[in-house]
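J.:
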Amino acid sequence: MLSAIGKSPSEKPCNTIDTLVGVKTEVKGDVVFTGGLRIDGKVRGNVTAKGDANSTLVLSENASIMGNVTVPHIITNGTIKGNVRASERVELQTKSEITGDVYYKVIEMALGAVINGNLVREGTETAREKGTISRLKAAVESGSETED
1437 MLSAIGKSPS EKPCNTIDTL VGVKTEVKGD VVFTGGLRID GKVRGNVTAK GDANSTLVLS
1497 ENASIMGNVT VPHIITNGTI KGNVRASERV ELQTKSEITG DVYYKVIEMA LGAVINGNLV
1557 REGTETAREK GTISRLKAAV ESGSETED
């Protein structure tokens, strides 16, 4: 699914799992990783991808994180209680549940996924903002005012 959007090679998510937190494992403290991280257990702390722009976090339906998540790419079917900041892509599968704000560039949300918080799109200015700026520039150049 992630390859469906035409992205340059530096923006492709990591397609390997370098680190695994097993279903019977509970980590207390912050986790910093590069490459691919799959969590099947519990993490009580922040999860952060360091340096690598294509790092990917994968959460299974058994996974839970109590802390903030900062990664380029996230694919989740688990539970997150904290803010999520994905500089590239968020994929929410059917059993995923996030309690906190989600900052994203691209988001894909399956039927059944739940977000209890704000959705904030980051990145380039939106088409609406571009249109407003264009209308304002045209109004200034012509000496008239426009209203929405």
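Basically the working numbering = 1-based index in the sequence shown + 1436. Don't be surprised by glycine CBs; every beta carbon is placed ideally from N, CA and C.
On the CB-based measure, 16 or more other CB atoms within 10 Å of its CB, does alanine 1546 come out buried or exposed?
T.: Sequence index remark: in the sequence shown, residue 1546 carries index 110 (1-based). That one is exposed.
J.: Could you compute how far the alpha carbon of aspartate 1454 sits from the alpha carbon of phenylalanine 1469?
T.: Counting from one through the sequence shown, the residue named residue 1454 turns up at place 18. Counting from one through the sequence shown, the residue named residue 1469 turns up at place 33. The straight-line gap from Cα to Cα measures roughly 9 Å.
J.: Please give me, in chain order, every unbroken run of the beta strand (DSSP E) with length at least 3 that falls completely inside the segment 1485 to 1567.
T.: The segment 1485 to 1567 contains these whole beta strand (DSSP E) runs: 1492 to 1495, 1500 to 1502, 1505 to 1512, 1515 to 1517, 1520 to 1528, 1533 to 1535, 1538 to 1540, 1542 to 1545, 1550 to 1552, 1555 to 1557.
J.: Could you give the distance in angstroms between the alpha-carbon of glycine 1553 and the alpha-carbon of glycine 1472?
T.: For the purposes of this step, residue 1553 is identified with residue 117 of the sequence shown, where counting begins at 1. For the purposes of this step, residue 1472 is identified with residue 36 of the sequence shown, where counting begins at 1. Between glycine 1553 and glycine 1472, the C-alpha separation is close to 26 Å.
J.: If distances are taken between C-alpha atoms only, which option among Thr1515, Gly1503, Ala1549, Pro1508 comes closest to leucine 1495?
T.: Reading the sequence shown from its first residue, position 59 is the one you call residue 1495. Ranking the options by Cα distance to leucine 1495, first place goes to Thr1515.
J.: Tell me the rounded alpha-carbon separation between threonine 1461 and lysine 1478.
T.: Here residue 1461 refers to the residue found at position 25 when the sequence shown is read from its first residue. Here residue 1478 refers to the residue found at position 42 when the sequence shown is read from its first residue. Their Cα atoms are separated by approximately 6 Å.
J.: Note down the Cα distance separating valine 1622 from serine 1523, rounded to an integer number of angstroms.
T.: Because the chain is modelled from 1437 through 1584, residue 1622 falls outside the range shown and cannot be assessed.
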